[in-house]
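Have a look at the structure below, then the notes.
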Amino acid sequence: MVNSSEFGKRLQKILDYYSISATELSNQISFNRSTISHLISGRNKPSLDFVMKILQKFPEVELYWLLNGNGTFPTKNSSSDFISSSIQTEIKKPTPTKIEKKEELDLINSNKISSSIQEEEIDRIIIFFKDGSFKSFKN
Numbered sequence: 012m013v014n015s016s017e018f019g020k021r022l023q024k025i026l027d028y029y030s031i032s033a034t035e036l037s038n039q040i041s042f043n044r045s046t047i048s049h050l051i052s053g054r055n056k057p058s059l060d061f062v063m064k065i066l067q068k069f070p071e072v073e074l075y076w077l078l079n080g081n082g083t084f085p086t087k088n089s090s091s092d093f094i095s096s097s098i099q100t101e102i103k104k105p106t107p108t109k110i111e112k113k114e115e116l117d118l119i120n121s122n123k124i125s126s127s128i129q130e131e132e133i134d135r136i137i138i139f140f141k142d143g144s145f146k147s148f149k150n
């Protein structure tokens with residue numbers, strides 16, 4: 012269970028580390044300023060949505076450290092490593108991922124399939140997922 016006052020101290024440590032105010036944090040993660048104030052003071056417990064937004068915005072924050080103080084902050088990577096990698100990421104031209112390449116191939120293949128079956132009427136489409144589930148779409 013999350014200790015509200017300790018969570019507030021850790022949240023304040025994040026603000027201090029990044030040299031931002033609670034207002035700036037609220038703008039960066041699109042969260043109400045008063046909610047952040049209540050979290051810092053220990054009045055409220057954090058929602059899952061709030062925790063996820065913090066983790067997405069600040070990769071140096073570890074989940075277990077944020078919730079219960081276990082672990083380290085910042086993570087092993089120093090802020091200079093993070094800034095350096097961020098700058099390098101912005102400078103490098105993005106290359107297509109395997110997923111993007113697969114989606115492109117799937118699109119090409121689906122166009123070939125659709126052109127070959129345009130003359131036939133489709134009765135049902137079934138999509139199978141890796142977890143064994145499926146969805147069926149009937150015309």
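12 is the number of the first residue of the sequence shown in this note's numbering; add one for each residue after it. Each residue gets a CB set at the ideal place from its N, CA and C atoms; glycine is no exception.
Is residue i helix, strand or coil when you go by DSSP?
| i | result |
| --- | --- |
| Phe-148 | strand |
| Arg-54 | coil |
| Ile-65 | helix |
| Phe-18 | helix |
| Ile-136 | strand |
| Ser-90 | No answer about Ser-90 holds up, because its pLDDT of 48 lies below 50 and its placement is not dependable. |
Use the C-beta contact count for residue i: other C-beta atoms within 10 angstroms, 16 or more gives buried, fewer gives exposed.
| i | result |
| --- | --- |
| Arg-21 | buried |
| Pro-57 | buried |
| Phe-18 | buried |
| Leu-50 | buried |
| Leu-36 | buried |
Among the candidates the options, whose CA atom is the shortest distance from the CA of residue i?
| i | options | result |
| --- | --- | --- |
| Ile-25 | Glu-111, Glu-132 and Trp-76 | Trp-76 |
| Arg-54 | Ser-144, Thr-46 and Lys-141 | Thr-46 |
| Ile-136 | Ile-110, Pro-70 and Ser-147 | Ser-147 |
Between the alpha carbons of residue i and residue j, how many angstroms are there, rounded?
| i | j | result |
| --- | --- | --- |
| Lys-64 | Asp-134 | 43 Å |
| Ser-16 | Asn-79 | 11 Å |
| Asp-12 | Pro-85 | Sequence inspection shows Met at residue 12; the Asp mentioned does not correspond to that position. Each residue's Cα considered, the two are about 22 Å apart. |
| Phe-42 | Phe-61 | 8 Å |
Please decide whether residue i counts as near chain C, where near means a Cβ-Cβ distance under 7 Å.
| i | result |
| --- | --- |
| Asp-27 | The structure shown contains no chain C; it holds only a single protein chain. |
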